[in-house]
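Note that the numbering used here has the sequence shown beginning at -15, numbered continuously upward.
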Amino acid sequence: MPISLDRPISLPATKPPPFVFFPTVRAHSFWRYFWPFQSVKQFMLTIAESLVAAIICILLAPQSTRPDARAFLAVGFLLAVLRKNGCEALPSKITIASTRGPARQLMPMIEQIFVEREYTRAPLPASGDHIHFLPPLAAGPSWFYSPEQDIELAVVYDNIIEVRGPKNTLYSIEMFLRWKLEE
């Protein structure tokens, strides 16, 4: 038996978000996980940080711990730091889809994010669909710099933008854009 209602029921109309994210995809070969360093500077900084952390682990380990256990702890920590620091900067790709019009309208906002993070636009001629950014450290000696640390911002289709660059940078960009969605 149907139930009659005194007034009609309507659902509130909701707008879709201005853009959506696809999952981050790795843009490197599998062997890079075994040697994730992209520049001499990154390798040297990771080794220095790991050695300091290993020395601190050895000094802070309880005196009752056997020496071979302390060495095992230091080596394990060293490997964990090496893996984390190197793999977070490997090349990746994130895809952003615009739901309210052409993707070109999002380009100025994303470009502004990179400028705020001290990336500089490459001197190469940029088309309206492709922009190349250099990281802040690209101004230093060439052996400190790797082209894999560059950011490429490209409109792939009418409503899809691809951003290629280091995974940790792309993650921070994605978090900033998600924060913008909540405003």
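For each residue, glycine too, the CB sits at the ideal point set by N, CA and C.
Neighbour-count burial assignment, residue i, 16 or more Cβ in a 10 Å radius
i	result
A73	buried
V36	exposed
K164	exposed
K151	buried
V147	buried
T(-2)	exposed
A38	buried
P20	buried
L29	exposed
Sub-8 Å separation of residue i and residue j beta-carbons
i	j	result
F18	I80	no
L62	S34	yes
I115	E102	no
A11	K77	yes
L90	I145	yes
I157	I97	yes
Residue-level contact to chain C via CB, residue i, 8 Å cutoff
i	result
Y103	Of the protein chains in this structure there is only one, and it is not chain C.
The beta strand (DSSP E) enclosing residue i, as first and last residue numbers
i	result
R148	I144 to P150
L118	H114 to L118
T79	P75 to S82
Y103	First-last for Y103: undefined, no H or E at that position.
Beta-carbon contacts of residue i that lie in its chain and below 6 Å, excluding the five residues immediately before and after
i	result
G149	I135
V140	E146
Start-to-end residues for the alpha helix (DSSP H) that takes in residue i
i	result
E95	M91 to E100
DSSP three-state assignment for residue i, whether helix, strand or coil
i	result
S23	coil
Y155	helix
S13	coil
K(-1)	coil
A37	helix
A55	helix
T8	coil
8 Å Cβ shell around residue i - same chain, five flanking residues per side excluded
i	result
P2	S82, T83, R84, L90 and L165
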